[in-house]
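In full-length UniProt numbering, the protein residues as written are 1 to 203.
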């Protein structure tokens, strides 16, 4: 349960992120995957992450302080269709240097649209995370937007692809920001990651 969530800072330079003095959990996904809605649902603060119908709204690394204990980070999406190659390259460089350079990053929640069949861009990004040793968890979004049968079918197809790539199935959650489903499970998992990080630091 999150009691307090406050915006801290936005920037384009991972070196200017807040001091890595506490656990950090990041959220990332393809443009328009429902990331802002999910963050707002988890924190219980409606306008914390700005939702937009226009994909690619998040173009910065956004840090939020949660309960004075850990940072929630809203990262720019990947796979923007409507930006120049130069801008896209800059974003990719920023995201990759953030993901590989933050010592206090305990987990990256990679959001996948449950309405779609497995997308190459998502699989490539997860493959990159695996190669770079970035600790990721998969979160399927928008589960309320179609029948449960269709959601289950798409989730299973995606997990099968993940098993082909990695040899096993990663931790995953199925969520709906509108219905609030998956919230408790995701927050429970976040809490476990943070507790583990904190106990390692004190030992």
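For each residue, glycine too, the CB sits at the ideal point set by N, CA and C.
Check: Are the beta-carbon atoms belonging to residue 10 and residue 60 less than 8 Å from one another?; Outcome: yes
Check: Just the C-alpha distance for residue 2 and residue 127, rounded to the nearest angstrom, thanks.; Outcome: 31 Å
Check: When the distance is taken between beta carbons, is residue 141 closer than 8 Å to residue 122?; Outcome: no
Check: Taking 7 Å as the cut-off, is the beta-carbon of residue 115 closer than that to any non-hydrogen atom of the ligand NAP?; Outcome: The model depicted lacks the ligand NAP and carries no ligand whatsoever.
Check: Does residue 53 pass the burial test, meaning 16 or more other C-beta atoms within 10 Å, or should it be called exposed?; Outcome: Reliability of the predicted coordinates at residue 53 is poor, the pLDDT of 49 falling under 50, and no value is obtained from them.
Check: Return the first residue and the last residue of the beta strand (DSSP E) that residue 5 is part of.; Outcome: 5 to 11
Check: Straight-line CA distance for residue 156 to residue 139?; Outcome: 13 Å
Check: I'd like to confirm the pairing. Which residues does DSSP put opposite residue 174 in its beta bridges?; Outcome: 140
Check: Ignoring anything shorter than 4 residues, give me the alpha helix (DSSP H) runs that lie fully in the segment 20 to 52, in order along the chain.; Outcome: 35 to 43
Check: For residue 2, which three-state DSSP category applies?; Outcome: coil
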